[in-house]
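In what follows, a single structure is set out as structure tokens and then discussed.
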Amino acid sequence: MSRRWGPISTGVALALTFLVLIALGTVGGPEPPRPAGEESVAQGKAAPPDWMRKLRPGEKPPQFVLFSFDGAGSHPHWQRLLPLAEKVNAHVTGFLSGIYLLPDQLRGEYTGPGHATGRASISFGGAEADVATRIADLNAAFDQGHEIGTHFNGHFCTGNEPSGRVWSRADWTAELDQFFTFVRGAAARGLRVPETSIKGGRLPCLEGDPKKFLPAMGERAMTYDSSLTVDGIAWPHEQDGLWEFPVPIVRVPALSGKKVVMQDYNLWYALNGAKEDPSRDAEFTAATLDTYRGAYLAAYNTNRAPLTVGTHFNDWSGGAFSQATEQFMAEVCVRAETVCATYTEVLRWMRLQDPTVLDNFRAKPHAQIS
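Okay, here's the thing in structure tokens:
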């Protein structure tokens, strides 16, 4: 498929040749100290990229695109994603389900809040060999500059009660405590992702009371979350001591402009009730791509708010949504003034900026697909 799709003008669909990501300048002075425990995802092996600097007067921010993958446990998906990300100079974030680090024989080490020991609504890690492969994938991702965050553990959503929707602060603390216990256990089996590098996460099904889960994350010295939603594409804001990178609710062109949370499962549900229908797989890929492209253009041409692309390592509808995400990554990450980065990288960039400048961007209307 052609890698050309539309000019930099919202609502217009004329073809143009993609530009290689241009250098945006040199680092404007030393980087301020990072918060305690915040490690470079790239482990200090490379110089900061050219865009990691303070904006010049009147300069627009790069258009950040935040590709994030809930679960982050599938070997085939990592095998496709890592070479693609390297090719297009993208960094992504994998929100890891902690029990994927537990072999099935150790499932008794997990107790979800309000649930029986050894129970979860997703699978555990499989055989020892499966967990070893997953650890190798996570190590490779971390070594290439990608970020690992938390997707918590048992994935208890509405219908698997008590779900995260009703959990208390103590429940979320217990869930996080177990997640990091599993990370430490995996470190003994070769995981090289430092516990202190895990600085944010996303809730399963985006379900939970921020007054309960954000303080629990703050207790862990975490710095960001990406679990709340917002109408349109908006700049991150501080909430209960963490930076909230909201998942946008956008108009979907294939649904006559109906607004949907821009995550793959939500799109699938809106398109056909999340039912497998092989005859429509290609249609769903195209509809998802059109939505991603429209969201990017809306942000690029207006407020330049970082665009969260929330997705999963999944094969729903014949892999229609994974294919759309991977194609969009191949297209967008090589565009001019565009940076596909991790959440922590964007936060590092934000700390270099004049707060007033960021406030001015934050005050702009949320970007909307026209």
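The sequence shown begins at 89 in the numbering used here and counts up by one. Quick reminder that beta carbons are idealized off the backbone N, C-alpha and C, glycines included. These numbers were taken from a predicted model, which means no experiment stands behind them.
Minimum C-alpha distance to residue i - residue among the options
{"i": "valine 340", "options": "Gly320, Phe333 and Gln327", "result": "Gly320"}
{"i": "valine 281", "options": "Glu174, Asn248, Asn227 and Gly233", "result": "Asn227"}
{"i": "arginine 460", "options": "Trp437, Leu291 and Ser315", "result": "Nothing about residue 460 can be read from this structure; the chain reaches only from 89 to 458."}
{"i": "phenylalanine 333", "options": "Thr181, Glu174 and Ala160", "result": "Thr181"}
{"i": "asparagine 451", "options": "Ser156, Asn391, Phe416 and Glu235", "result": "The question names asparagine, but residue 451 is alanine in the sequence shown. The candidate whose alpha carbon is nearest that of alanine 451 is Asn391."}
{"i": "lysine 175", "options": "Glu147, His243, Gln232 and Pro145", "result": "Gln232"}
{"i": "alanine 204", "options": "Gly361, Phe244 and Arg168", "result": "Phe244"}
{"i": "glutamate 326", "options": "Lys346, Asn241 and Pro443", "result": "Pro443"}
{"i": "lysine 148", "options": "Gln411, Pro453, Arg439 and Tyr388", "result": "Tyr388"}
Span separating the alpha-carbon of residue i from that of residue j
{"i": "leucine 395", "j": "valine 153", "result": "5 Å"}
{"i": "serine 251", "j": "alanine 424", "result": "43 Å"}
{"i": "tyrosine 357", "j": "phenylalanine 372", "result": "11 Å"}
{"i": "isoleucine 187", "j": "aspartate 352", "result": "22 Å"}
{"i": "phenylalanine 301", "j": "isoleucine 286", "result": "16 Å"}
{"i": "aspartate 447", "j": "cysteine 293", "result": "30 Å"}
{"i": "phenylalanine 399", "j": "cysteine 428", "result": "One point to set straight first is that residue 399 is threonine, not phenylalanine, in the sequence displayed. Roughly 15 Å separates the two Cα atoms."}
{"i": "aspartate 225", "j": "methionine 417", "result": "20 Å"}
{"i": "aspartate 192", "j": "leucine 143", "result": "49 Å"}
{"i": "serine 97", "j": "valine 348", "result": "With a pLDDT of 39 at serine 97, under the threshold of 50, the predicted position of this residue should be treated as unreliable, and no value is reported."}
{"i": "alanine 455", "j": "aspartate 313", "result": "20 Å"}
{"i": "threonine 379", "j": "alanine 208", "result": "32 Å"}
{"i": "methionine 310", "j": "leucine 359", "result": "35 Å"}
{"i": "glutamine 441", "j": "glycine 237", "result": "24 Å"}
{"i": "lysine 363", "j": "serine 405", "result": "8 Å"}
{"i": "isoleucine 210", "j": "phenylalanine 268", "result": "18 Å"}
{"i": "alanine 370", "j": "proline 298", "result": "37 Å"}
{"i": "alanine 160", "j": "leucine 316", "result": "20 Å"}
{"i": "valine 335", "j": "arginine 195", "result": "31 Å"}
C-beta contact flag for residue i and residue j at 8 Å
{"i": "alanine 215", "j": "threonine 261", "result": "no"}
{"i": "glutamate 433", "j": "histidine 179", "result": "yes"}
{"i": "valine 397", "j": "threonine 376", "result": "no"}
{"i": "glycine 289", "j": "phenylalanine 155", "result": "no"}
{"i": "alanine 386", "j": "tryptophan 323", "result": "no"}
{"i": "leucine 189", "j": "glycine 273", "result": "yes"}
{"i": "alanine 229", "j": "leucine 170", "result": "yes"}
{"i": "phenylalanine 409", "j": "histidine 165", "result": "no"}
Local conformation of residue i per DSSP, three classes
{"i": "cysteine 428", "result": "strand"}
{"i": "glutamate 332", "result": "strand"}
{"i": "aspartate 378", "result": "helix"}
{"i": "glycine 57", "result": "Because the chain spans 89 through 458 in this model, residue 57 falls outside it and cannot be assessed."}
{"i": "alanine 124", "result": "Low per-residue confidence applies at alanine 124: pLDDT is 38, beneath 50, and the placement is therefore not dependable enough to give any value."}
{"i": "arginine 339", "result": "strand"}
{"i": "serine 256", "result": "coil"}
{"i": "leucine 355", "result": "helix"}
{"i": "glycine 273", "result": "helix"}
{"i": "glutamate 174", "result": "helix"}
{"i": "serine 405", "result": "helix"}
{"i": "valine 318", "result": "strand"}
Cβ separation of residue i and residue j, assumed to be a contact under 8 Å, to the nearest whole Å
{"i": "arginine 222", "j": "leucine 264", "result": "Between leucine 264 and arginine 222 the Cβ distance is about 20 Å, and since that is not below 8 Å, they are no contact."}
{"i": "glycine 329", "j": "glycine 296", "result": "With a Cβ gap of about 16 Å, glycine 329 and glycine 296 do not count as contacting."}
{"i": "glycine 407", "j": "isoleucine 457", "result": "Not quite, the Cβ-Cβ distance comes to about 24 Å (not below 8 Å), so this is no contact."}
{"i": "threonine 426", "j": "proline 150", "result": "7 Å"}
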